[in-house]
Amino acid sequence: MQDIRQRYRRSMLGPFWLTISMGVMIGAMGPLYGTLFGYNAASFIPHLALGLIFWGFIAGQISDFGEAFSNSTNYLRQMKLPLSMFVLRVMYRHSIILAHNILVFVVIWAILPVHLNASLLVLPFAAVLVLANLFWMGCITSIFCTRYRDMQPVIGNLVQVMFFVTPIIWKAEQLSPARQHLIHLNPFFYLLELLREPLLGMMPAPAIWIRAAGMAVVGTVLALYMLGKLRHRVTYWL
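Note that UniProt numbering has the sequence shown beginning at 1, numbered continuously upward.
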């Protein structure tokens, strides 16, 4: 919370500038891409809005994880604190931003016929699974970017590329059946669908749950191993 306050210190609207920016982006891109792809606005704009909101949540963390340790150099050099705490700090900051941005979808939900149903009940479980995946991604990314400083711009460029190959401004069914398997090579597809589908009145497919859970288990084991193995070296890399 302190990071958010510092960023918007002496600003009249504070973090609500994030909400306004997101609303303007959705308002501009929704009609444009809906027309280009031939989608009905009532179905496409909620899809796009949630895609942009949750992508901002996911991609923002991936980008910021690279500086999680370097931005806390003084703490790490003076105190023996768990490295995971600084990863969680980034996740908490972006969760606050997400809470502001989701207000845009509330407005869209009030205007357009977005039909919420019992699938909304799985959203808390989906959120936990997404956060578990972001946690291990954050731990590994933070360690690599601290050790290899050139990794930070590489990750930034990779995130930009992933925006276009993830179904955010387009829908997965636009791919031909012969190429549908390609989308399942994208780990961010699972995270995005877990969060977006329940808010669109749909249940995420079982395959998405299984693969996201598998990623979380394998990734967490690897992240915890790296944290334990490299904890004492991180301070020297700063």
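Think of the CB as a built atom: it goes at the ideal place given N, C-alpha and C, for glycine as much as any other residue. Just so you know, these numbers come straight off a predicted model, no measurement behind them.
Asked, Found
"Which listed residue (Phe86, Ala59, Leu81, Ala118) has its alpha carbon closest to that of Ser70", "Phe86"
"When Ala207, Asn186, Phe105, Arg231 are compared against Ser142, the one with the closest alpha-carbon", "Arg231"
"Residues near Thr19 by beta carbon distance below 8 Å, same chain, minus five either side", "His100, Asn101, Leu103, Val104"
"Whole-number beta carbon distance between Val114 and Pro46, since they are thought to touch under 8 Å", "5 Å"
"Validate contact between the region 119-131 and the region 208-217 using beta carbons, cut 8 Å, 3 pairs", "yes"
"Alpha-carbon spacing of Trp55 relative to Gly138, whole angstroms", "15 Å"
"Whole-Å CB distance - Ala41 paired with Val159, under 8 Å assumed", "Contact flag wrong, Cβ pair sits at about 28 Å."
"Continuous alpha helix (DSSP H) stretch holding Trp209: start and end", "206-237"
"Top-ranked residue by Cα proximity to Leu238, from Gln180, Phe65, Leu76", "Leu76"
"Stretch-stretch touch, CB-based, cutoff 8 Å, three pairs: the region 165-184 with the region 29-40", "yes"
"Residue from Gly228, Leu88, Gln78 whose Cα sits closest to the Cα of Ala62", "In the sequence under discussion, the amino acid at residue 62 is Ile, which differs from the Ala named in the question. That would be Leu88, whose Cα lies nearest to the Cα of Ile62."
"Same chain only: Cβ atoms within 7 Å of Pro187, ignoring 5 sequence neighbours per side", "Met215"
"Sequence ranges, alpha helix (DSSP H) only - wholly within the region 115-198, length at least 4", "123-147, 151-165, 180-183"
"As assigned by DSSP and simplified to three states, the class of Phe65", "helix"
"Exposed unless 16 or more other CB atoms sit within 10 angstroms - verdict on Ala223", "buried"
"Nearest-angstrom Cα separation, counted from Ala28 out to Arg149", "36 Å"
"Status (buried if at least 16 other CB within 10 Å, exposed otherwise) for Arg233", "exposed"
"Length of the line joining the Cα atoms of Met226 and Leu182", "30 Å"
"Cutoff 8 Å; reference Leu50; Cβ partners in own chain excluding five residues on either side", "Phe105, Leu195, Arg196, Leu199, Leu200"
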